[in-house]
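Protein chains in written order, with the working numbering: chain A, 4 to 358; chain B, 5 to 417. See below for the structure under consideration.
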Amino acid sequence: MPPRMPIESGVPDPFQYMHPTLARNYGAWKYHERPRPGVLCHTADSGEKVWTIRAGTQRQMDVYTIRKLCTIADDFADGYVRFTIRSNIEFMITDESRVQPLVDKLVSEGFPVGGTGPSVTMISHTQGWLHCDIPGTDASGVVKSLMDELHEEFINENMPNRVHMTTSCCQINCGGQGDIAINIQHTKPPKINHNLVANVCERPTVVARCPVAAIRPAVVNGKPSLEVDEKKCVCCGACFPPCPPMQINDPEHSKIAIWVGGNQSNARSKPTFHKLVAAGLPNNPPRWPEVAAVVKNILRVYKEDAKDWERIGDWVERIGWPRFFELTELPFTKYHVDNWRGARNSLNASAHIHF
Amino acid sequence: MGKPMHNTPMLDELESGPWPSFITGIKRLAKDEGKPYQNMMVDLLGQLEHSYNTRKGYWKGGTVGVIGYGGGVIPRFSEVAKNYPESKEFHTLRIMPPPGMHYNTKLLRDFCDVWEKYGSGLIALHGQSGDIMLQGTTTDNIQPCFDELNEMGFDMGGAGPAVRTGMSCVGAARCEQSCANEQKVLRMLVNTYIDDMHRPALPYKFKFKVSGCPNDCMQSITRADMAVIGTWRDDMKVNQAEVKTFIADKGRKYVVDNVVSRCPTNALSLNDDDTLDVDNRSCVRCMHCINVMTKALATGDDKGVTVLIGGKRTLKIGDLMGTVIVPFMKLDTEEDYEQLNEIAGNTIDFFAENALEHERTGEMIERIGLVNFIEGIGLEVDPNMISQPRQSSYIRMDDWDEEAKKWQDRKAA
Ligand code: HEM
Ligand code: SF4
Ligand code: SF4
Ligand code: SF4
Ligand code: SF4
Chain A
4 MPPRMPIESG
14 VPDPFQYMHP
24 TLARNYGAWK
34 YHERPRPGVL
44 CHTADSGEKV
54 WTIRAGTQRQ
64 MDVYTIRKLC
74 TIADDFADGY
84 VRFTIRSNIE
94 FMITDESRVQ
104 PLVDKLVSEG
114 FPVGGTGPSV
124 TMISHTQGWL
134 HCDIPGTDAS
144 GVVKSLMDEL
154 HEEFINENMP
164 NRVHMTTSCC
174 QINCGGQGDI
184 AINIQHTKPP
194 KINHNLVANV
204 CERPTVVARC
214 PVAAIRPAVV
224 NGKPSLEVDE
234 KKCVCCGACF
244 PPCPPMQIND
254 PEHSKIAIWV
264 GGNQSNARSK
274 PTFHKLVAAG
284 LPNNPPRWPE
294 VAAVVKNILR
304 VYKEDAKDWE
314 RIGDWVERIG
324 WPRFFELTEL
334 PFTKYHVDNW
344 RGARNSLNAS
354 AHIHF
Chain B
5 MGKPMHNTPM
15 LDELESGPWP
25 SFITGIKRLA
35 KDEGKPYQNM
45 MVDLLGQLEH
55 SYNTRKGYWK
65 GGTVGVIGYG
75 GGVIPRFSEV
85 AKNYPESKEF
95 HTLRIMPPPG
105 MHYNTKLLRD
115 FCDVWEKYGS
125 GLIALHGQSG
135 DIMLQGTTTD
145 NIQPCFDELN
155 EMGFDMGGAG
165 PAVRTGMSCV
175 GAARCEQSCA
185 NEQKVLRMLV
195 NTYIDDMHRP
205 ALPYKFKFKV
215 SGCPNDCMQS
225 ITRADMAVIG
235 TWRDDMKVNQ
245 AEVKTFIADK
255 GRKYVVDNVV
265 SRCPTNALSL
275 NDDDTLDVDN
285 RSCVRCMHCI
295 NVMTKALATG
305 DDKGVTVLIG
315 GKRTLKIGDL
325 MGTVIVPFMK
335 LDTEEDYEQL
345 NEIAGNTIDF
355 FAENALEHER
365 TGEMIERIGL
375 VNFIEGIGLE
385 VDPNMISQPR
395 QSSYIRMDDW
405 DEEAKKWQDR
415 KAA
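Spelled out as structure tokens, the structure:
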């Protein structure tokens, strides 16, 4: 029998799985309100209304958790759900009186309701030790620890504006840009296992991968291998995926760095990349308390000092970086001064000084 | 009886606290007597605890796939299989979800049933890449598992140097700010170039993301090689009665401080009679005022999309944002969609021919210059593509008159 060939169906049609009220009013919504944290209410041109109840999940879900959510959806929300890109689940209902029972049910089953409006919503994250082949830490663990600490900020809408955090478990940074980004930062060049390079790695590929041309082919102990110019190396770890013998992860020297002010949206200012504010934090499982302390402190200062609708980046833009470091009591070091391409644009070429 | 659990004091600490615990979920699977995945999950927890202790990862890649496709499976083999043999193979299947990530419970339960039969019982909804990530199965089970999912109407996502799984926002399905039919755009783009997803042969990855408005909930400018963002070119809609209601509720100061003075182009003005003026020619469609005054303000009727190319994260030359290559195009007729599809096709072809190995579109454009790219895919330059004209005089301009005439001719057309 010839093997079964795949049906290249591509991206499926979403309408077959969409809540009928959403499908019926597709492209014809009029406005929305936020009656309470974790709940949105959208009104269509037709006059129909839909309430959305948003709850946090652990993203990495066992089938029992998914089925539990399905049972809640069947019992309370017409049997439809959707997910946000930050792994929050959303239930849609068309009858306001069903909002509170659904909220109560979710909370009683351990799913925090929130993540809407000016809250700290779920941290978008990556794989880490659970599943990736290059991670310096465990994204899921960092996120679980932090979301435990930020629970109140998830279920309330007390921030000046929304806070989108991300974590990345290596410097490839799959997590993307964030108002606050929590990322691995290696601090030592890769340690090379010379015995393995010849068997495992395509040397030209590895040499080409390095952003600062720090790698060259070499013969070590009579075998073809690679060597790293450690003065040039920026410890990015880019050589590690194509060549696992270039061991970049280090239990002690792979640290965690915190970046702020990334913003994807075009609202007010154009999108921005996040900027380094803290580094050298220990990669300290299972709960990464040092990371949580820095993040919570930044959030505290932001909450106290920013105006309504200012994202973290907007806020720092107004108060200036000197005040940011003053208020957060984070050290400002020579490492905060960029020297990568385009770095001159990040220098102050003016007499504008914050006093 | 399943394999006894490993001691996992570190992971156990991740079971407390108010946020749902992925560890509790995995433990549940590890204690699931008689299930094919039980022992796999026991050893998975063992290996993960080992990682927590040593602060190192222990997965390596490899080659695993399904018949007919060159990508979509993320192979994982354990480097510590000697101690944790049952999870020695723990591959992920990337499956493309319905755009907007809409599910009915039957579909989710079907996914659970298939994954319970062939996999670990652990599903990530969703990966940052936008896939349903079915995490953890053996080499032998990949093919039958994919076959069942494929029969359910689901297809493999992207991995490697290929068109990747795309994403589109909830948009028109439940958002009044939507100016595009996001799911239609996404499905058209990915499904047209599906061959480049399933048979990876590009210089590197290529991602589509579609957002219905400039709030860009899909983060397409910073994360997609090709970002398609809904917008409008006629006047914003202002419901002056609702403006007054808003002011009555929140106060004039609130509106001045949070709406008028936050407009990036000073396009808003509050009148003495509490009506709001919008200078639509200065407005850059940033969405801020509409986000604040959801009932009073709304996008216009003459909708279309802006297209940007080249967003990516750090590797190799640093983070890049996408830049505008189409300031505005309508997406009403099938011909309009076809035109967008052609731009995507031309971009992918140009990328395939001109990018260096492992170079993203943004890096290619950085290296060759935007103009070479624009000309290469058959588009014309436009002042909306820049934030300011050139500052450096070091450039040859022999053909100035010709280029100026092109502009005049285009204006006259
Ligand atoms: C061996 C190499 C790599 C592996 C195993 C890998 C794996 C992954 C995985 C598993 C995800 C989904 C993360 C999640 O949500 O759990 C992801 C997403 C992502 N990866 Fe990679 N990745 C690799 C290389 C890279 C490289 C070299 C880059 C950058 C140049 C990169 C950039 C990204 C980005 C930006 C995302 C987020 C998805 C998006 O924005 O669309 N990855 N990758
Ligand atoms: S950030 Fe790095 S380690 Fe984490 S999932 Fe992405 S590639 Fe893997
Ligand atoms: S860690 Fe980065 S900079 Fe250092 S050698 Fe490897 S690729 Fe080059
Ligand atoms: S990008 Fe715009 S249209 Fe899409 S969901 Fe976000 S706000 Fe709505
Ligand atoms: S959408 Fe943005 S640019 Fe346009 S008027 Fe409103 S705040 Fe100003």
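Just so it is clear, CB atoms sit at the ideal spot from N, CA and C, and this is done for glycine as well.
Contact of residue 4(A) with chain B is not assigned, every C-beta pair being separated by 7 Å or more. Residue 62(B) carries a coil assignment under DSSP once its states are collapsed to helix, strand and coil.
For residue 416(B), the enclosing alpha helix (DSSP H) stretches over residues 404-416. In this structure, residue 168(A) sits near residue 181(A), with a CB-CB distance shorter than 7 Å. Relative to ligand 3, even the nearest heavy atom lies 6 Å or more away from the CB of residue 248(A). Considering only 207(B), 211(B), 206(B), 200(B), the residue with the shortest C-alpha distance to residue 190(B) is 211(B).
In the structure shown, residue 218(A) adopts extended strand secondary structure according to DSSP, grouped into three states. Ranked by Cα distance from residue 344(B), the options 89(B), 54(B), 184(B) are led by 184(B). The C-beta separation of residue 144(A) from residue 40(A) comes to about 26 Å, leaving the pair out of contact by the 8 Å criterion.
Here the C-alpha atom of residue 291(A) lies approximately 7 Å from the C-alpha atom of residue 148(A). The C-beta separation of residue 315(B) from residue 224(B) comes to about 7 Å, placing the pair in contact by the 8 Å criterion.
Taking the Cα positions, residue 332(B) is about 39 Å away from residue 146(A). Residue 224(A) has its alpha-carbon roughly 45 Å from the corresponding atom of residue 134(B). A check of alpha carbon separations from residue 202(A) across 216(A), 115(A), 229(A) identifies 229(A) as the nearest.
Annotation for residue 137(A) indicates a beta carbon within 6 Å of some heavy atom of ligand 2. Beyond the five residues adjoining it in sequence on each side, residue 283(A) comes within less than 6 Å, by CB distance, of 258 in the same chain, given in chain order.
Our two residues, residue 393(B) and residue 408(B), have alpha carbons roughly 15 Å apart in a direct line. The closest heavy atom of ligand 2 lies less than 6 Å from the beta carbon of residue 171(A).
Beyond the five residues adjoining it in sequence on each side, residue 289(B) comes within less than 6 Å, by CB distance, of 218, 235 in the same chain, given in chain order. Between residue 299(B) and residue 246(B) a beta carbon distance of about 5 Å is seen, short of the 8 Å cut, so the two are scored as contacting. The Cβ of residue 336(B) sits no closer than 7 Å to any Cβ of chain A. Scanning its chain for C-beta atoms nearer than 6 Å, with the 5 sequence neighbours on each side dropped, one finds around residue 297(A) the residues 261, 281, in chain order. Taking 8 Å as the upper bound on Cβ-Cβ separation, chain A lies near no residue of the stretch 35-47 of chain B. With the rule of 3 Cβ pairs closer than 8 Å, the stretch 198-211 of chain B does not count as touching the stretch 101-110 of chain B. For residue 347(B), the uninterrupted alpha helix (DSSP H) segment begins and ends at 338-358.
The bridge partners DSSP lists for residue 279(A) are 262(A).
Out of 97(B), 304(B), 337(B), the CA that lies nearest to the CA of residue 144(B) is found in 97(B). A distance criterion of 6 Å places the beta-carbon of residue 207(A) beyond contact range of ligand 3, judged by its closest non-hydrogen atom.
With a cutoff of 6 Å, residue 175(A) counts as near ligand 2, since its C-beta is closer than that to a heavy atom of the ligand. Within the model, the alpha-carbon separation for residue 302(A) versus residue 37(B) is close to 44 Å. According to the DSSP assignment, residue 207(A) belongs to the alpha helix (DSSP H) that extends over 206-212. Here the alpha carbons of residue 33(A) and residue 49(A) stand approximately 9 Å from one another. For residue 301(A), the three-state secondary structure derived from DSSP is helix. The secondary-structure analysis by DSSP pairs residue 34(A) across a beta bridge with 46(A).
Across the set 242(A), 107(A), 25(A), 209(A), the C-alpha of 242(A) shows the shortest separation from the C-alpha of residue 193(A).
The closest heavy atom of ligand 5 lies less than 6 Å from the beta carbon of residue 272(B).
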